[in-house]
C-alpha cells in the first residue's frame, strides 16, 4: 500500500520524538517510525500519557499478514509533540450548530466584542482603624 494512502486513512496519533531520543533509541525504534513532511514520527491508534512512560498502541501485520496489536513504551521526556490525526468536523470551541446551507441566513446574532464596553462596578474599601491590630508587646511574657 502506498505510504500516502496509509496516512489518509489513519485516525490516531502521530508522536514526534526529540532528535536525541531517535539517536539514543537507534535501531530499536526504526521499525516503528514513519517519514513525513514534518519529520519521523510514530503512528499509534491509542496513547496513554499518565506516567513516566508514554504507552502507545500500534496496529501492525506479521510476516504471514495477520493483524497484531503492539504496545510500545518510551520515556515521556523523549516525546517532543503528540498530534491527533483524527478527522472530526465538529471539533472546536463554540456553539455546536449545524452548518447553514448555501444561501441560508445564519440564525445566530453576531456576538459583541469583549472590548466594546467595560463594566464599572462601584468598589468601596473600609478605612482600617488604628487599633485593628493588637500590639505585639501585649503578648510577651513578663521579664524576670
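In the numbering used here, the protein residues as written are 30 to 173. A virtual CB, placed ideally from N, CA and C, is assigned to each residue, including glycine. What you are looking at is a predicted structure, and each value in this text was computed from that prediction instead of being measured.
Contact under 7 angstroms by Cβ, residue i with residue j
i	j	result
residue 76	residue 42	yes
residue 73	residue 54	no
residue 45	residue 110	yes
residue 89	residue 103	no
residue 107	residue 47	yes
Three-state secondary structure assigned by DSSP to residue i
i	result
residue 42	strand
residue 114	coil
residue 53	helix
residue 171	coil
residue 66	coil
Inter-residue spacing [alpha-carbon to alpha-carbon] between residue i and residue j
i	j	result
residue 101	residue 66	23 angstroms
residue 63	residue 79	24 angstroms
residue 81	residue 91	29 angstroms
residue 52	residue 112	21 angstroms
residue 49	residue 114	24 angstroms
residue 68	residue 59	13 angstroms
residue 184	residue 105	Within the shown structure, residues of the chain are numbered from 30 to 173, placing residue 184 beyond reach of any answer.
residue 95	residue 57	22 angstroms
residue 40	residue 71	13 angstroms
Cβ of residue i within 7 angstroms of any chain D Cβ
i	result
residue 102	In the structure shown, chain D does not exist; there is a single protein chain.
**OP:** Pick out the complete alpha helix (DSSP H) segments inside the segment 82 to 108, 4 residues or longer, and give them in chain order.
**Re:** Complete alpha helix (DSSP H) runs here, min 4: none at all.
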